[in-house]
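Enquirer: For the sequence shown, the numbering used here begins at 203 and goes up steadily by one.
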Amino acid sequence: MTDDAAAPICLARPLPGPDDIRAGCAAARGVNGRPLHAAALKFFWGPMDCGKSTMALQMNYNHARQGRRGLVTTRIDRSLGPQVTTRIGLAHSAIEVTDGLDLRDLVRDAWAEGVRVDYLICDEASFYDLEHIEQMAELVDNYDVDVYAFGLATDFRSCLFPAARRLFELADSVARIQVEVLCWCGREGLLNARVVGGRVVREGEQVVIGDTVDTAQVRYQVLCRRHYRAGDLGGR
Ligand SMILES: [Zn+2]
Numbered sequence: 203m204t205d206d207a208a209a210p211i212c213l214a215r216p217l218p219g220p221d222d223i224r225a226g227c228a229a230a231r232g233v234n235g236r237p238l239h240a241a242a243l244k245f246f247w248g249p250m251d252c253g254k255s256t257m258a259l260q261m262n263y264n265h266a267r268q269g270r271r272g273l274v275t276t277r278i279d280r281s282l283g284p285q286v287t288t289r290i291g292l293a294h295s296a297i298e299v300t301d302g303l304d305l306r307d308l309v310r311d312a313w314a315e316g317v318r319v320d321y322l323i324c325d326e327a328s329f330y331d332l333e334h335i336e337q338m339a340e341l342v343d344n345y346d347v348d349v350y351a352f353g354l355a356t357d358f359r360s361c362l363f364p365a366a367r368r369l370f371e372l373a374d375s376v377a378r379i380q381v382e383v384l385c386w387c388g389r390e391g392l393l394n395a396r397v398v399g400g401r402v403v404r405e406g407e408q409v410v411i412g413d414t415v416d417t418a419q420v421r422y423q424v425l426c427r428r429h430y431r432a433g434d435l436g437g438r
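1) Please confirm whether any heavy atom of ligand 1 lies closer than 7 Å to the CB of residue 247.
2) Is residue 385 near ligand 1, judged by its Cβ being under 7 Å from some heavy atom?
3) Could you have a look at residue 330 and say whether DSSP puts it in helix, strand or coil?
4) Between which two residues does the alpha helix (DSSP H) harbouring residue 428 extend?
5) Compute every distance between the C-beta of residue 425 and the non-hydrogen atoms of ligand 1, then say whether any falls below 7 Å.
6) Please give the ranges of any beta strand (DSSP E) in the segment 248–284, keeping only runs that are unbroken, at least 3 residues long and fully inside the region.
7) Check whether the Cβ atoms of residue 262 and residue 272 lie closer than 8 Å to each other.
8) Given the structure, does residue 421 come close to ligand 1, in the sense that its CB is under 7 Å from one of the ligand's heavy atoms?
9) Would you say residue 389 touches ligand 1, meaning its beta carbon is less than 7 Å from a heavy atom?
10) Between which two residues does the alpha helix (DSSP H) carrying residue 366 extend?
11) What do you reckon, is the C-beta of residue 401 under 7 Å from a heavy atom of ligand 1?
12) Please classify residue 390 as buried or exposed, where buried requires at least 16 neighbouring CB atoms within 10 angstroms.
13) Quick check: what's the CA-CA separation for residue 344 versus residue 336?
14) Give me the Cα-Cα distance between residue 380 and residue 253, rounded to the nearest whole angstrom.
15) Tell me the residue span of the beta strand (DSSP E) that contains residue 322.
16) What is the residue span of the beta strand (DSSP E) that residue 401 lies within?
17) Can you tell me whether residue 225 is buried or exposed? The criterion is at least 16 other CB atoms within 10 Å of its CB, across all chains shown.
18) Is residue 239 near ligand 1, in the sense that its beta carbon is under 7 Å from a heavy atom of that ligand?
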């Protein structure tokens, strides 16, 4: 790869000044002027059931296959254990992100123990605290660690989760996961309705554990915008 071809990697960083670009490019080059890795913060979002956790584990697998090493974190996984589980049956051990956890310490402690960390896979990132999102940005900018965050954009009221909002603001790239989840009517599912006692509710705590199975006391159902707004759960 030539220097010219690599230059946009440096230029692609968010809103750098000219001095930043020169300093960043200089810092990012090895002994032969060859560009080194340019880390990024990426946010992948979508409604429930769209395969976010599956994609998170696939990404972890793909990077590990290429010899990279990462950590997988989660918060309030539906298994309620320190692991990422997926609706299609995959599972992977994960570090639970608690209130006091500092993601930077997580990486620094691993490095201190001689464990390589090239990237973080952060599942259920919408449930993280705002401080965690800032720590993700710092890991990318100051530590050259890639951070791939996966999560819901909006809650059961169709409002952005604070952590998701911050990710939209800070991430180098955001991508809507392209696996379509269908509403009962066949339209593309967009919003996560909370269903209690067979009815769509619009008030309550932002995070309440539930599931998407019919028998759950509190469950969630992905609806198109039309039927979310109407509170129409179809014949289910
Ligand atoms: Zn619908």
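C-beta atoms are modelled at their ideal positions from N, C-alpha and C, and glycine is treated no differently.
Bear in mind the structure is a predicted one, so any value in this text is a computation, not a measurement.
Expert: So, from the listed chains and residues:
1) If you number the sequence shown from 1, residue 247 lands on position 45. Result no, Cβ not under 7 Å from ligand 1.
2) The residue labelled residue 385 in the question sits at position 183 within the sequence shown. Residue 385 Cβ: within cutoff of ligand 1.
3) Position 128 of the sequence shown, counted from the first residue, corresponds to residue 330. It is coil, neither helix nor strand.
4) Start at 1 with the first residue of the sequence shown, and residue 428 comes out as number 226. That run of the alpha helix (DSSP H) goes 427–432.
5) Within the sequence shown, residue 425 is the residue found at index 223, counting from 1. Within the cutoff, so yes.
6) 272–276
7) Residue mapping note: residue 262 aligns to position 60 of the sequence shown, counting from 1. Residue mapping note: residue 272 aligns to position 70 of the sequence shown, counting from 1. Yes; because the gap between Cβ atoms is below 8 Å, this pair is in contact.
8) For this step, residue 421 is matched to residue 219 along the sequence shown. No.
9) Position 187 of the sequence shown, counted from the start, is the residue given in the question as residue 389. For ligand 1, at least one heavy atom lies less than 7 Å from the Cβ of residue 389.
10) Here the question's residue 366 lines up with position 164 in the sequence shown. Per DSSP, residue 366 belongs to the alpha helix (DSSP H) from 364–372.
11) Taking the sequence shown and counting its residues from 1, one reaches residue 401 at position 199. No.
12) Residue 390 sits at position 188 when you count from the first residue of the sequence shown. Classification for residue 390: exposed.
13) Against the sequence shown, residue 344 aligns to sequence position 142. Against the sequence shown, residue 336 aligns to sequence position 134. So the alpha carbons of these two residues sit roughly 12 Å apart.
14) Within the sequence shown, numbered from 1, the residue matching residue 380 stands at position 178. Within the sequence shown, numbered from 1, the residue matching residue 253 stands at position 51. In a straight line, the C-alpha of residue 380 is about 9 Å away from that of residue 253.
15) Against the sequence shown, residue 322 aligns to sequence position 120. Its beta strand (DSSP E) spans residues 321–324.
16) Within the sequence shown, the letter at position 199 stands for residue 401. Element bounds for residue 401: 401–403.
17) In the sequence shown, the residue the question calls residue 225 occupies position 23. Note that residue 225 scores 46 on pLDDT, short of 50, meaning its location in the model is unreliable and no value can be drawn from it.
18) As a working note, residue 239 is residue 37 in the sequence shown. Checking every heavy atom of ligand 1 against the Cβ of residue 239, none is found closer than 7 Å.
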